[in-house]
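In this note's numbering, the protein residues as written are 92 to 407.
Every residue, glycine too, gets a C-beta built ideally from N, C-alpha and C.
These notes are about the structure you will find just below.
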Amino acid sequence: MKFGIDMGHNTPPDTGARGIKVEDQLTKAVGTRLIEKLKSRNHRVINCTPSRATSVLNSLSKRVNTANWHRVDVFVSLHFNAFNGKVYGTEIYGVSDTSKKIAKPVLDKIVKLGFFNRKVKHGSHLYVLRNTRMPAILIECCFCDSPKDMELFDAEAMATAIAEGLTGESFEKDLNSDPDDSAPKTISIPEILKLQQALNKLKIVDKDGKALEENGVKNRATESATQNLQSILNLNADGIAGPATWGAINQILSQPIVRENHAAGIIVRYLQYRGGADIDGIYGPGTNRAIRKLQAQYGLVADGIIGPATWGKLFG
Ligand SMILES: [Zn+2]
Numbered sequence: 092m093k094f095g096i097d098m099g100h101n102t103p104p105d106t107g108a109r110g111i112k113v114e115d116q117l118t119k120a121v122g123t124r125l126i127e128k129l130k131s132r133n134h135r136v137i138n139c140t141p142s143r144a145t146s147v148l149n150s151l152s153k154r155v156n157t158a159n160w161h162r163v164d165v166f167v168s169l170h171f172n173a174f175n176g177k178v179y180g181t182e183i184y185g186v187s188d189t190s191k192k193i194a195k196p197v198l199d200k201i202v203k204l205g206f207f208n209r210k211v212k213h214g215s216h217l218y219v220l221r222n223t224r225m226p227a228i229l230i231e232c233c234f235c236d237s238p239k240d241m242e243l244f245d246a247e248a249m250a251t252a253i254a255e256g257l258t259g260e261s262f263e264k265d266l267n268s269d270p271d272d273s274a275p276k277t278i279s280i281p282e283i284l285k286l287q288q289a290l291n292k293l294k295i296v297d298k299d300g301k302a303l304e305e306n307g308v309k310n311r312a313t314e315s316a317t318q319n320l321q322s323i324l325n326l327n328a329d330g331i332a333g334p335a336t337w338g339a340i341n342q343i344l345s346q347p348i349v350r351e352n353h354a355a356g357i358i359v360r361y362l363q364y365r366g367g368a369d370i371d372g373i374y375g376p377g378t379n380r381a382i383r384k385l386q387a388q389y390g391l392v393a394d395g396i397i398g399p400a401t402w403g404k405l406f407g
């Protein structure tokens, strides 16, 4: 396949949105990685981002002309949205049915990272989609003015998701890289091992209620334990430990001090799960009772405050 990759803006006076982060920098970070990844799997890539332009229209027409001149198979324009700081998520624009079919798996992969699905949309108002002569999509990766999206965003993960969605290939590291691949299912992957160790430390069990074997092997047990944790924390329960899941795991492993009426969210959901309280993410009286009971069982002062001693027992 020959891909035309367009890193949105980056060509003054064609500059992008400024939110918590700057769109120009984000499209460049994702685009550079995406190009590398596609090339690493022997796809041909034409970088359609112009180096200079006299106007915004000139910048846009240069992108289109490059794609048309090189007769790329698929044109991909990378952008980041901005609105009012409150809206978040991912949307992809296409014009033809073929474009929309190309957009769908890309969107699905990005949504798997934890971004809100704002759907594939009709983009006949977009210059680069209207004027390219091949199937073309414009990806609004997420909102650069949304704290939620910018917390979740990782350029490497975003580029991987787009590459996988475009090609249907897996770009996961180490998975297919062993040339002497006689027993592919038993390859130990450091990232999976780290996940198994973390889940065991958090006392998260698999679908059969068992602790995980720490062997670095990607298997159903690890996936189901990951889903278990994701459900407890109210994350997208896809069984894949992406940035959102790792962010949550690391937040819990950082063992913050948690007190009634001072905490909410992921940490509280986890503590409610451990204490057998209703899981709603708010540390109210019910959670307090459950925590005190747990502390009493551990032989600790039952004060309802989760500090180093309680965390020590929870992870012990
Ligand atoms: Zn843009």
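Asked, Found
"Expected contact under 8 Å - CB spacing of GLN342 and ILE357 to nearest Å", "6 Å"
"Cα-Cα separation, ILE228 to ASP245", "21 Å"
"Between the CA atoms of VAL113 and HIS216 - distance to the nearest angstrom", "23 Å"
"Inter-residue CB distance, LEU257 and VAL197 (contact presumed, cutoff 8 Å)", "6 Å"
"ASP271 in three-state terms, based on DSSP", "Residue placement at ASP271 is flagged as unreliable, the pLDDT there being 43, under the threshold of 50; a coordinate-derived value is accordingly withheld."
"TYR364, enclosing alpha helix (DSSP H) - first and last residue", "357-366"
"Exposure label - PRO226; buried when at least 16 CB within 10 Å", "buried"
"Ligand 1 heavy atom lying under 8 Å from the CB of THR118", "yes"
"Proximal residues to PHE364 (C-beta, below 7 Å), its chain only, five neighbours per side dropped", "Strictly speaking, residue 364 in this sequence is Tyr, with Phe absent from that position. If we look at TYR364 and ignore the five residues flanking it on each side, its Cβ neighbours are ILE323, ILE370."
"Length of the line joining the Cα atoms of ASN332 and LYS200", "Checking the sequence, you will find Ala at residue 332 rather than Asn. Those two C-alpha atoms are separated by around 13 Å."
"DSSP-derived helix/strand/coil call for ILE137", "strand"
"Alpha-carbon to alpha-carbon, ALA120 and THR317", "29 Å"
"Contact between the stretch 167-180 and the stretch 98-105 (3+ Cβ pairs under 8 Å)", "yes"
"GLY110 beta carbon less than 9 Å from that of ALA173", "yes"
"Under the three-state DSSP convention, the category TYR218 falls into", "helix"
"Contacting residues, own chain, Cβ-Cβ under 6 Å from TYR179 (five flanking each side not counted)", "PHE207, PHE234, SER237, LYS239, ASP240"
"Counted within 10 angstroms of its Cβ, other Cβ atoms place ILE413 as buried (16 or more) or exposed", "Look at the range of the chain in this structure, 92 to 407, and you will see that residue 413 is not part of it."
"Contact test: ALA227 Cβ vs ligand 1 heavy atom, cutoff 8 Å", "no"
"Where GLU182 falls: helix, strand or coil (DSSP)", "strand"
"LYS384 vs ALA393 beta-carbon contact at 9 Å", "yes"
"For GLU231, the residue or residues it bridges with in DSSP", "HIS170, GLU182"
"Simplified DSSP assignment, three categories, for LYS276", "For LYS276, the predicted structure reports a pLDDT of 42, less than 50, and the residue's modelled location is therefore unreliable. The matter cannot be settled from this model."
"Residue from ILE396, GLY307, SER345, ILE373 whose Cα sits closest to the Cα of ILE382", "ILE396"
"Boundaries of the alpha helix (DSSP H) in which ILE343 is found, first to last residue", "334-344"
"Alpha carbon of LYS276 to alpha carbon of VAL165, nearest angstrom", "Residue placement at LYS276 is flagged as unreliable, the pLDDT there being 42, under the threshold of 50; the coordinate-derived value follows with that caveat. The straight-line gap from Cα to Cα measures roughly 33 Å."
"Buried or exposed by the 16-neighbour rule on C-beta atoms within 10 Å, applied to ASN133", "exposed"
"Sheet register partners of ARG109 (DSSP bridge)", "VAL113"
"9 Å Cβ cutoff met for ALA194 and GLY205", "no"
"Integer Cβ distance of ILE137 from ALA158, believed to fall under 8 Å", "7 Å"
"Among LEU243, ARG221, GLU247, ILE253, the one whose alpha carbon lies nearest that of ILE230", "ILE253"
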